[in-house]
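Undergrad: The sequence shown begins at 1 in full-length UniProt numbering and counts up one residue at a time.
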Amino acid sequence: MSRTFGLPDIGYVEIFPPIGIARVGDAKEENDFYFAPEVPGLDDPPSEHFRSKAGKGDIKRQAVRFRVYAYDKNGTILGEINNSANLQGYKLSWTVHVANKKAAYNVSSGLYRDFLPQLRNPDVDRVNTDGDTRDPFTLKFENRANLIIDPGKKTIERGSGPPVVPLTGGYFIGSTGKKRPVQLGELRTDEQGRLIFLGSDGHSYSVSPPEGTDVVPEIISEFDSVDWYDSTCDGWLYVEVTHAEVPKAKITSSKATIISSVPKFAWGLRLPTSLYDIIEDIYHPKPDPNPATNFYKDIWPVILATYKLSWVDINAFQGHGTGAYGNFQSRETKLSDPSSANAGLREYIFNRLREPNFRNENQAKTEFMPRLSGDNGDAIEPGDDSNVTGKPIERFAALTELQYNRFKCWKDGNFETGKPFDKTTIEEYPLENQPLMLTVAMLETTVGNPLYPGIETYWIAKLKDAYILDNERKLDPPFRIDHHKVLPGFLTRGLSLPWQSDFDQCNTHWWPAARPEDIVRIADASAEYPKPRVKWDRGLRDTPDDTLASFFPGSTDMVNHWNQLGFVVKKKDSDPPEWYEVERTLGEPQGVGEKRGGVRLQRFILS
């Protein structure tokens, strides 16, 4: 509940969540969207269906709702400002600026690749791009106007102007010389005047199809297709607050961040490290070898993730699935007990964790956790040391320093066991906790490790210079992107172009919590363990596993069929929880569903 306050009490206002993650979708009806989570810790999907027409239509978009909180001059939170009945007289005027600058950037490269990158679309707008362009904050690419989709600043205010503001006015030209209009999404407000951001339809296009046709050309680049564009984007937003009693007195917030990303095809699943973990580690005071640790906030989500991921990845199933020795889902009681009786189990798990920041090069092995690739390329499988550039340890993911130290505290029995995430709506939390809850809820389902290239953003998110670290305003959490350096389009320009190429090629060891790999269909839910598994992208062609190849048929098929693939969600009332694929609209390849035994993986190609 908001405290009673008036305009003179307000020292400043701030937007939460500080970073919003919208997700694209091609459903066309006005209300075919759902809101991103606003409270943390929920496994159930935020929408009954991820598709329109009761799960049989197109993919709904994930919208982000931004709220405005008022603080006094001492940093005490006063309450949310909106247009509700008990806060009459306030107006919220929102300004948003997003862009897509992928085609104007460097070719995709990892954080630890030590070479001068080449340009994407090297024959277009080469003005001022010579020299070292590895600096992710460089402005050299801003001159490549024919490769930038920028609709400019857009404003919206409830009750003044149109109820929907489309993010139009941007174009992609490429090498053709012809403008192709691109819409990056739209702005709305809810009944209380809060901002609602909706992304685009998610489709990707080439402006150079085969002569005389509108056919999608075959993709011939790993992550850097020439004359291609997609409609993901990122940028900033701020709000100006006025009151009818003093209409000329404006209170302006600092800038928050919006990323319009790709669909999340697996819900209720998370990777060991999210963007929240990455950013929290950057802001956390160091050194701090003994940080405050809560089992259900800091430890259990990471441990439980190993079991959850077993429903979308065969390697996770073999190590942590039902019946496996590493299935910790059933050991919650022991793992949450800080007594010495369970110290051996805690120590066993801790000793399997890879040390952060590549400290121990002897841990470049799949026996250490997480069993995920790193920021310098694919994880190295046992016996495979071919095509390894850089240090092998850089090919493996690890927890952040803060996460690792919290696990050490847990191992030593130094932790709390209260459940901080126990509400289903943001209004149920105390006012002073709401900004933090909105932030955790928004970012806990994102990919923070690995970022090669990434899902919501790329490795720029791991750089301290991307953030405002000396903010005088008291905020919890203090997360703020520095938009003096990080211009609209900068957070996504290092990602795959088009985004579907990444979804085709980065499967095993990458981000199964967003892009499933090996799944169980809902039709096989009643089968005995081990339940039969098929590939999530079954029906699409295989891309050759050859780094020198220039043929990526799976990427082309992903461009054409991404919006027909299934969503993996928790089966209602399942205990222990189980995740199954639902709402796939792409026809099943011949042979799927004819057999029911084993964990056999089937990859069938549509004829």
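The C-beta atom is built at its ideal place from N, Cα and C for all residues, glycine as well.
Considering only residues of the same chain and omitting the five flanking positions on each side of residue 608, which have a CB-CB separation below 8 Å?
TA: Residue numbering for the chain in the displayed model covers 1 to 607; residue 608 lies beyond these limits and cannot be assessed.
Undergrad: Of the residues PHE172, LEU187, ALA145, GLU444, which one's Cα is nearest the Cα of ILE156?
TA: To locate residue 156, count along the sequence shown from 1; it is residue 156. Answer by Cα proximity: LEU187.
Undergrad: Tell me which residues share the same chain as GLY554 and place their Cβ nearer than 8 Å to its Cβ, disregarding the 5 neighbours each side in the sequence.
TA: Taking the first residue of the sequence shown as 1, we reach residue 554 at position 554. Excluding positions up to five away in sequence, the list reads ASP504, GLN505, ASP537, LEU540, ARG541, ASP542, THR543.
Undergrad: Less than 7 Å between C-beta atoms, sequence neighbours within five positions excluded: which residues of the same chain meet that for GLY598?
TA: Within the sequence shown, the letter at position 598 stands for residue 598. Unreliable placement is indicated for GLY598, whose pLDDT of 46 sits below 50; the coordinate value is still reported in the next sentence. These residues qualify, in order along the chain: PRO530, PRO532.
Undergrad: Between which residues of its own chain and PRO166 is the CB-CB distance below 7 Å, once the five residues before and five after are set aside?
TA: Mapped onto the sequence shown, residue 166 falls at position 166. Excluding positions up to five away in sequence, the list reads GLN183, GLU186.
Undergrad: In angstroms with no decimal places, state the Cα-to-Cα distance between ARG480 and ASP277.
TA: Residue mapping note: residue 480 aligns to position 480 of the sequence shown, counting from 1. Residue mapping note: residue 277 aligns to position 277 of the sequence shown, counting from 1. Cα to Cα, the separation comes out at about 14 Å.
Undergrad: Per DSSP, which one or two residues make a beta bridge with residue 651?
TA: The requested residue 651 does not occur in the structure, where the chain is confined to residues 1 to 607.
Undergrad: Could you tell me the alpha carbon to alpha carbon distance between ASN405 and PRO287, rounded to whole angstroms?
TA: Residue 405 sits at position 405 when you count from the first residue of the sequence shown. Residue 287 sits at position 287 when you count from the first residue of the sequence shown. The alpha-carbon atoms of ASN405 and PRO287 are separated by roughly 10 Å.
Undergrad: Does the beta-carbon of ASP135 have 16 or more other beta-carbons within 10 angstroms, so that it is buried, or is it exposed?
TA: Translated into the one-based positions of the sequence shown, residue 135 becomes position 135. Per the 10 Å Cβ criterion, exposed.
Undergrad: Quick check: the stretch 450-460 against the stretch 485-495, are at least 3 beta-carbon pairs closer than 8 Å?
TA: As far as the Cβ criterion goes, the stretch 485-495 touches the stretch 450-460, which means the pair count is three or higher.
Undergrad: Count the other CB atoms, across all protein chains shown, that sit within 10 Å of the CB of LEU116; report buried if there are 16 or more and exposed otherwise.
TA: Working through the sequence shown from its first residue, we reach residue 116 at position 116. Per the 10 Å Cβ criterion, exposed.
Undergrad: For THR306, which three-state DSSP category applies?
TA: Position 306 of the sequence shown, counted from the start, is the residue given in the question as residue 306. THR306: helix per DSSP, three-state reduction.
Undergrad: Taking all protein chains shown into account, decide if ILE196 is buried (16 or more other Cβ within 10 angstroms of its Cβ) or exposed.
TA: Within the sequence shown, numbered from 1, the residue matching residue 196 stands at position 196. Answer is buried; the Cβ neighbour count reaches 16.
Undergrad: With DSSP collapsed to three states, give me the class of VAL440.
TA: If you number the sequence shown from 1, residue 440 lands on position 440. Three-state DSSP puts VAL440 in a helix.
Undergrad: How would you call HIS320, buried or exposed, if buried means at least 16 neighbouring beta carbons within 10 angstroms?
TA: Counted from its first residue, the sequence shown places residue 320 at position 320. Under this definition HIS320 is a buried residue.
Undergrad: Decide if the stretch 22-34 is in contact with the stretch 56-74; the criterion is three or more beta carbon pairs, one per stretch, under 8 Å apart.
TA: They touch, by the three-pair rule.
Undergrad: Going by DSSP in three states, SER555 sits in which element: helix, strand or coil?
TA: In the sequence shown, counting from the first residue as 1, residue 555 sits at position 555. Helix, per DSSP.
Undergrad: What distance in whole Å lies between the Cβ atoms of PHE328 and TYR296, which are believed to be in contact at a cut-off of 8 Å?
TA: The sequence position of residue 296 within the sequence shown is 296, counting from 1. The sequence position of residue 328 within the sequence shown is 328, counting from 1. The pair is not a contact, with the Cβ atoms about 14 Å apart (cut-off 8 Å).
Undergrad: Kindly indicate which residue of GLN318, PRO217, GLU381 has the alpha-carbon position closest to the one of ASN560.
TA: Taking the first residue of the sequence shown as position 1, residue 560 is located at position 560. Checking every option, the nearest Cα to that of ASN560 belongs to PRO217.
Undergrad: Can you give me the Cβ contacts of VAL164 inside the same chain, cut-off strictly under 6 Å, excluding the 5 residues immediately before and after it?
TA: Residue 164 sits at position 164 when you count from the first residue of the sequence shown. For VAL164, where only same-chain residues beyond five positions count, the Cβ hits under 6 Å are GLU186, ARG188.
Undergrad: What are the residues that DSSP puts in a beta bridge with GLU394?
TA: Position 394 of the sequence shown, counted from the first residue, corresponds to residue 394. Its beta-bridge partners do not exist; DSSP assigns none.
Undergrad: Going straight from the alpha carbon of LYS464 to that of PHE490, what length do you get?
TA: Residue mapping note: residue 464 aligns to position 464 of the sequence shown, counting from 1. Residue mapping note: residue 490 aligns to position 490 of the sequence shown, counting from 1. The alpha-carbon atoms of LYS464 and PHE490 are separated by roughly 15 Å.
Undergrad: Apart from the five residues on each side of it in sequence, which residues of its chain come closer than 7 Å, Cβ to Cβ, to residue 609?
TA: Nothing can be reported for residue 609: it is not among the residues displayed for the chain, which extend from 1 to 607.
Undergrad: Taking VAL520 and TYR580 to be in contact with their CB atoms under 8 Å, please state how far apart those CB atoms are, rounded to whole angstroms.
TA: In the sequence shown, residue 520 corresponds to position 520, counting from 1. In the sequence shown, residue 580 corresponds to position 580, counting from 1. Contact holds; Cβ gap of about 5 Å.
Undergrad: Relative to the C-alpha of ALA514, which residue among GLU29, PRO576, ALA305, HIS484 is closest?
TA: On the sequence shown, position 514 is the one that residue 514 refers to. Considering only alpha carbons, the answer is ALA305.
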